[in-house]
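Residue numbers (this note's numbering): 8 to 431.
Glycine included, C-beta positions come from ideal geometry on N, C-alpha and C.
Input: a single structure, listed below in structure tokens.
See the structure below:
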């Protein structure tokens, strides 16, 4: 093992250990990791330029997050989320268990056709409102929702960035994703829903009496709601057509935010107050940190080791790609990992003669579902924690991991059985 790989592993362990103990805010830890990664490159004679470090930042991701935060934040100014909380409470007749199940299923379904971050930006405020209404902690609600969001997003071509990357490179279409992945995703969601519900069933008993505060009955500002809804629907429609139009999702989201600001006339300072700036800084720091690990050769080494260990067995290769992708994606952003593994899968298929589809589906399931392992495993996780923190709800690294890691392991076990039974 080279000195570069040893240093990269040491940095990875140190940074995530610091996040786990929760002594320093995760944004500060991510920025510290970026700085230490840059210092390591300098010491090892690979001194990066400022431009080189900045190139690791996915401004596509940051732009998409910022645009959608502004749009959903302006929509929230209409009072619609609080009103939706009121109607959902009445529909479920005050049953926390039914509310819990409906929110999770709705989140998974929305995430299959929207990006996970947009789904959480819409669902999380409603969840916090309802939890406060029925006087229970929203933390486990929020964690279960974001886990279901990552599970639901794995079912379709457009549900998660790794899906889009794999689908576009290997020419796997929308219907192929649904045909091959939707069955196992439904099973994974159903099993995990039971595992999330059983420990919480005592806390989700029907509430005998729960007076609804008057603020939940306030009328919605129809002008803001209608205009923001129209813009949001247009933005979502454009997401479906972005490849055809040749326009990035970040450009679409930011354009939608700009148009909505013009249509509603909301003060720019009020609109920008809805942006989770610590979350955006966290992602910037994390992208640079993971980029330095990539330059140190860690991600490439993972890909090569998978090929070496498999020994020519298709079954073992599927299992290795699935599980390594899951654990790597739990700690390393799944976008650069997927980008590194796509050429590996292509090489195994075109040069070594292995069938493409089982390897591609193993990569997709591992990269998407592995994001449930830790708080930083997926963009939606971090966004959810940022929204919760802003509302005074604490979601820490270890607390998330206690629920997320078992969810990831159960998902991987089910995915392993499915892939082996179906393709080998």
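Residue burial is scored here from C-beta neighbours: residue 341 has at least 16 other C-beta atoms within 10 angstroms and is therefore classed as buried.
Judged by DSSP secondary structure, residue 396 falls within the alpha helix (DSSP H) whose first and last residues are 386–397.
Within 10 angstroms of the beta-carbon of residue 345 lie 16 or more other beta-carbons, which makes it buried. Annotation for residue 249: 255, 256, 259 place their beta carbon closer than 8 angstroms to its own, counting only its chain and skipping 5 residues before and after. Within the same chain, and ignoring the five residues on either side of residue 48 in sequence, the residues whose Cβ sits closer than 8 angstroms to its Cβ are 54, 55, 299, 302, 303. If you draw a 10 Å sphere on the C-beta of residue 63, you find 16 or more other C-beta atoms in it, and that means buried. Straight-line spacing of the CA atoms in residue 99 and residue 107 works out to 10 angstroms.
Going by C-alpha positions, residue 81 is about 43 angstroms away from residue 423. At least 9 angstroms separates the beta-carbon of residue 327 from that of residue 157. For residue 51, same chain residues with a beta-carbon under 8 angstroms away, outside a window of 5 residues either side, are 10, 11, 14, 303 in chain order. For residue 86, the CB contacts under 7 angstroms within the same chain, skipping 5 residues up- and downstream, are 225, 227, 228 in chain order. With a threshold of 16 other beta carbon atoms within 10 Å, residue 167 meets it and is buried.
Between residue 125 and residue 273, the C-beta gap is not smaller than 9 angstroms, which leaves the two residues out of contact.
Here the C-alpha atom of residue 67 lies approximately 30 angstroms from the C-alpha atom of residue 416. Residue state for residue 209 is assigned as helix, using DSSP reduced to three classes.
With a 10 Å radius around the Cβ and a threshold of 16 neighbouring Cβ atoms, residue 359 comes out exposed.
In this structure, the beta-carbon distance from residue 387 to residue 160 falls below 9 angstroms. If one requires a minimum length of 4 residues, the alpha helix (DSSP H) runs lying completely within the stretch 115–180 are 123–140, 146–160, 168–177, in chain order.
Between residue 33 and residue 289 a beta carbon distance of about 6 angstroms is seen, short of the 8 angstroms cut, so the two are scored as contacting. Rounded to whole angstroms, residue 114 and residue 154 show a C-alpha spacing of 9 angstroms. One alpha carbon belongs to residue 208, the other to residue 104, and they sit about 7 angstroms apart. Residue 317 counts as buried, since no fewer than 16 other beta carbons sit within 10 angstroms of its beta carbon.
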